[in-house]
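Data first, discussion second: the structure below is written as structure tokens.
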């Protein structure tokens with residue numbers, strides 16, 4: 654099954670830039686922003702700013718099996734890039 658990748662940037666309240674991809678099974682800008690905000694809250698960055706313009710559809714790729722269980726469980730997965738906690 655295809656995975657839709659949303660390239661996302663958020664700015665924490667301290668000014669730190671977080672760069673990550675939101676991975677979804679359906680192509681939905683609204684869901685990508687919703688899930689980006691949910692993940693930021695999970696990592697203690699609930700005040701981080703993420704706007705739809707900072708969460709843009711990037712591409713669709715073949716299934717990424719390493720993210721299947723997380724997407725099935727939560728509806729999305731996060732691929733951490735720059736500035737994200739380990």
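In this note's numbering, the protein residues as written are 654 to 739.
For each residue, glycine too, the CB sits at the ideal point set by N, CA and C.
The three-state secondary structure of residue 675, taken from DSSP, is strand. Of all C-beta pairs linking the stretch 713-730 to the stretch 661-672, fewer than three are shorter than 8 Å, placing the two stretches out of contact.
In the same chain as residue 696, and ignoring 5 residues on each side of it, the C-beta atoms closer than 6 Å to its own belong to 738, in chain order. Residues 657 of the same chain have their beta carbon placed closer than 8 Å to that of residue 679, with the five preceding and five following residues left out of the count.
Excluding the 5 residues flanking it on each side, residue 711 has same chain C-beta neighbours closer than 8 Å at 658, 659, 660 and 674, in chain order. Within a 10 Å sphere around the beta-carbon of residue 734 sit fewer than 16 other beta-carbons, which makes this residue exposed. For residue 703, the three-state secondary structure derived from DSSP is coil. Of 664, 682 and 655, the smallest CA-CA separation from residue 736 is found for 664.
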